[in-house]
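Our numbering puts the first residue of the sequence shown at 293, with every later residue one more than the last.
Idealized CB from N, CA, C, for every residue including glycine.
All remarks here apply to the structure that follows.
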Amino acid sequence: MRRDVPQAESAEGKPRTEPALKPVPAKSFSGRLLALGIVMVVITVLLAPSVRTFLQQRSEIAALEAEIAEEQKTGQELEQTLDRWEDPAYIKAQARERIFLVMPGETRYLVKGENGVNDVEEEAAADGPADLEWVDALWDSVVRSATAP
293 MRRDVPQAES
303 AEGKPRTEPA
313 LKPVPAKSFS
323 GRLLALGIVM
333 VVITVLLAPS
343 VRTFLQQRSE
353 IAALEAEIAE
363 EQKTGQELEQ
373 TLDRWEDPAY
383 IKAQARERIF
393 LVMPGETRYL
403 VKGENGVNDV
413 EEEAAADGPA
423 DLEWVDALWD
433 SVVRSATAP
C-alpha cells in the first residue's frame with residue numbers, strides 16, 4: 293500500500309509529500325487459489341473418462357482404417373487374379389502345369405525324382421501307415437496331431 297506522508301514544506305510554501313513505500317507481505321495461499329484448484333480438479337475428474345474414450349476411439353478408428361487399406365489391397369490383388377483367369381492363355385498354362393494337360397499332337401515327359409514330380413506312393417508313406425484298423429488309425433491320427441508342430 294502507498295500512503296502519502298506529509299513532509300517538510302517546499303520552497304513554494306506547499307507541504308511536500310513523498311510516498312512512503314511499505315512492503316506488503318505476499319500471500320502464498322488465498323481463497324481464490326483454493327477455488328481455482330478445486331475447479332481444476334473437478335474439471336479433470338469430469339473430463340478424464342471422456343478424453344479416455346475419445347483416445348480409445350481414435351486408436352480404434354486408426355486400426356480400422358489400416359484394416360480397410362489392407363482389405364482394399366487384398367481386393368485389388370484378387371481382381372488382378374480374376375483378370376488373369378479371364379485370359380485363355382493363362383488358363384491353358386495353368387491346366388498344363390496343374391493337371392498336366394497335353395494338347396493333341398504333343399508329348400509330355402514327367403521326370404520323377406529330386407527336381408521332378410514326387411511319387412504318390414512316397415507321399416502316402418510319409419503320411420503314415422495305411423493298413424491299420426480304424427481304431428488304431430484313429431489313435432494314430434490323434435497322436436500325430438498332438439505332436440505336429
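- Secondary structure remark: continuous alpha helix (DSSP H) runs of at least 4 residues inside the segment 326–393, in chain order: 380–391.
- Remark: C-beta atoms of Arg388 and Tyr382 do not approach each other more closely than 8 Å.
- Shown here, Ala440 sits in coil according to DSSP, grouped into three states, outside any helix or strand.
- Ser433 and Thr439 have their C-alpha atoms some 10 Å from each other.
- Shown here, Asp432 sits in a helix according to DSSP, grouped into three states.
- Across the structure, Leu338 and Met332 are spaced so that their CA atoms are roughly 10 Å apart.
- Per DSSP, reduced to three states, the secondary structure at Gly397 is coil, with no helix or strand assignment.
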